[in-house]
Amino acid sequence: MSSLRRLANIVAAIGLFIVLACPPAAQAISPVDLGASRPDERVLDDAEVFSRASRSELNARLQDLAADRVDARVVTLRRLDYGLNLDSFGEELLAQWSSEGSEPLLLLLIETQNKRASIAADPTLQSQLPETLLTSTARTTMSVPLREGDRYRQATLDGINRLSTVLGGGEDPGPPAEIVRTTLPTNIPTQEETESSNATTWIIVLLVLGTIIPMATWWVFSR
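Laid out in C-alpha cells, this is it:
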C-alpha cells in the first residue's frame, strides 16, 4: 500500500510539473478575444511590452493620425491561437472592428513570441497606404528593431512615423538604412590561430625531447 501511495505521489508531482512548465493555452489569443468593437484605448498592450510612459507616448502619436481621418491602433500579442498567423489575425480583427460610418482603421500588430510585425489597413486607405508600403513598414521598419534587442517602443514609433509621413502627403522615407558591422583589427589570436600555435609548440617540444633523451641516455651508459 505504501508503494502505491508513493507511486501516486510521484505521478501527481510529475503532473504538477508539466502544468507549471508548459505555457498555459490561455496565453494564445484570437481576434474574438479582443472584443467585437473597438476598445477605448488606442494601444492594446496584451503582451505587456510597453511602460506606462511608452503607452502614453504612442497614444499621442496615434491620436495625431486622427487629423488625417485615420483611426490608428497598436496591438501587441504574446502568441497566436492555433492556425493563425499575424497577417490573418490582423485581417480578421480589421473586419471585426470595422463598422459603417466609423473612421477607417489602421492596425499595427506585434507578436512577441516570433518577434514579428504586421500592418492591416482598411481598403479605403489603399490609395494613400498601398500594400507594398504596409508590407515594407512591417517587415523592415518595425521588424529590424524587434530582432535587434526587443525594442518594441522604437519599432512601433518608427512604423507610425513612416506611415504618418506618407499620410501627411510626404515622400515615403523608406526602410531604415542597413547597418554594416565591421570587425576591427585585433592582436588577440583567433581560436584557430591558438590551436595552430599550440600544435606547433608541441611538435617543437617533441623534437627537442627526441634529440635530448637519446643523447642523455648514451652519455649515462657510456661512462
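Taken in order, the sequence shown gives residues -28 to -1, 1 to 195; the numbers are from mature numbering (1 follows the signal peptide of the UniProt record, and there is no 0).
Glycine included, every Cβ here is placed at the ideal spot set by N, Cα and C.
What you are looking at is a predicted structure, and each value in this text was computed from that prediction instead of being measured.
Among the options, whose alpha-carbon lies nearest the alpha-carbon of residue i?
i: Q35; options: I132, W174, I185; result: I132
i: N31; options: D94, A44, A19, D40; result: A44
i: P145; options: L181, L105, W174; result: L105
i: P76; options: Q98, T172, P117, L129; result: Q98
i: R123; options: F22, S9, A(-1), P11; result: F22
i: D40; options: A(-1), E63, L78, G121; result: L78
i: G141; options: E29, A25, L37; result: L37
i: R10; options: L58, G182, I184, L66; result: L66
i: P147; options: V180, E103, R111; result: R111
i: A(-1); options: E103, L58, E72; result: L58
Do you know how far the Cα of residue j is from the Cα of residue i?
i: Q68; j: E143; result: 31 Å
i: T96; j: A149; result: 30 Å
i: L178; j: P186; result: 13 Å
i: R88; j: R14; result: 20 Å
i: P117; j: E64; result: 26 Å
i: E20; j: T173; result: 56 Å
i: G121; j: N86; result: 13 Å
i: E103; j: F61; result: 16 Å
i: A188; j: I176; result: 18 Å
i: V152; j: E29; result: Since pLDDT at V152 reaches only 47, below the 50 mark, its modelled position is unreliable, and the value read off the structure follows with that caveat. Distance between the alpha carbons of V152 and E29 is about 30 Å.
i: A25; j: G73; result: 32 Å
Using a threshold of 8 Å, state whether the C-beta atoms of residue i and residue j are closer than that.
i: A134; j: T107; result: Looking at the sequence shown, residue 134 is not Ala but Arg. In this structure, T107 does not lie closer than 8 Å to R134 by Cβ.
i: L101; j: V138; result: yes
i: L56; j: S2; result: yes
i: D94; j: S70; result: yes
i: V46; j: L16; result: yes
i: R33; j: L129; result: yes
Buried or exposed: residue i, going by 16 or more other Cβ atoms within 10 Å of its Cβ?
i: G7; result: exposed
i: S115; result: buried
i: R119; result: exposed
i: C(-7); result: No answer about C(-7) holds up, because its pLDDT of 47 lies below 50 and its placement is not dependable.
i: V4; result: exposed
i: A171; result: exposed
i: A127; result: buried
Since residue i and residue j should fall inside the 8 Å C-beta cutoff, what is the C-beta to C-beta distance between them, to a whole number of angstroms?
i: T84; j: R125; result: Actually they are not in contact, since the Cβ atoms of T84 and R125 sit about 13 Å apart, beyond 8 Å.
i: residue 198; j: T109; result: Only positions -28 to 195 of the chain appear in the structure, and residue 198 is not among them; the question remains open.
i: T48; j: D18; result: 6 Å
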